[in-house]
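> Before we start, here is the structure in question, set down as structure tokens.
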Amino acid sequence: MQDNSNSTPESTIKSLIDAMEANDGDKIRSLFHDNASQAYGDGPSKSGKAFFKWLDSDIIDRKGHVEGAHFTTTGNEVVVTGQYSSEGYTNKANFLFFVKEGKIMSWQMRY
């Protein structure tokens, strides 16, 4: 697994957005902590194996990507806005990421 510990939170998330655009599943997975979590809004979160299953099925397999990404960083939190699209779906992106030691710990999709 790649060591991203010298990355800034924003550079880690920019790497994710670039990897999503290229649909590089290995790179996408490498950017997340082993126990990363994901939630839609304030709903329950998926973590660990359930997170990676979601990442594969909903993001990588469906070629999810953000067009016109804009980044706002506060400490270890990075908000990404733009237009999210995947096979059969499109919506405005409003994603909150938490990055620790170069790995993405959480991804909250705030629509």
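Take the working numbering: the last position of the sequence shown gets the number 321, and nothing is skipped along the way. No residue lacks a Cβ here, since even glycine has one placed at the ideal position from N, Cα and C.
My assumption, with CB atoms under 8 Å, is that S295 sits in contact with E277. Please give the rounded CB distance.
Yes, S295 and E277 are in contact; Cβ-Cβ is about 7 Å, under 8 Å.
> Where does N301 sit, in a helix, a strand or coil, going by DSSP?
DSSP places N301 in strand when its eight states are reduced to three.
> Measure the alpha-carbon distance for G312 versus G298 and round it to whole angstroms.
Those two C-alpha atoms are separated by around 32 Å.
> Candidates R320, D236 and N233: which alpha carbon is nearest V288's?
Selected option, being the one with the closest Cα: R320.
> For S217, does the three-state DSSP call read helix, strand or coil?
If DSSP states are grouped into helix, strand and coil, S217 belongs with coil.
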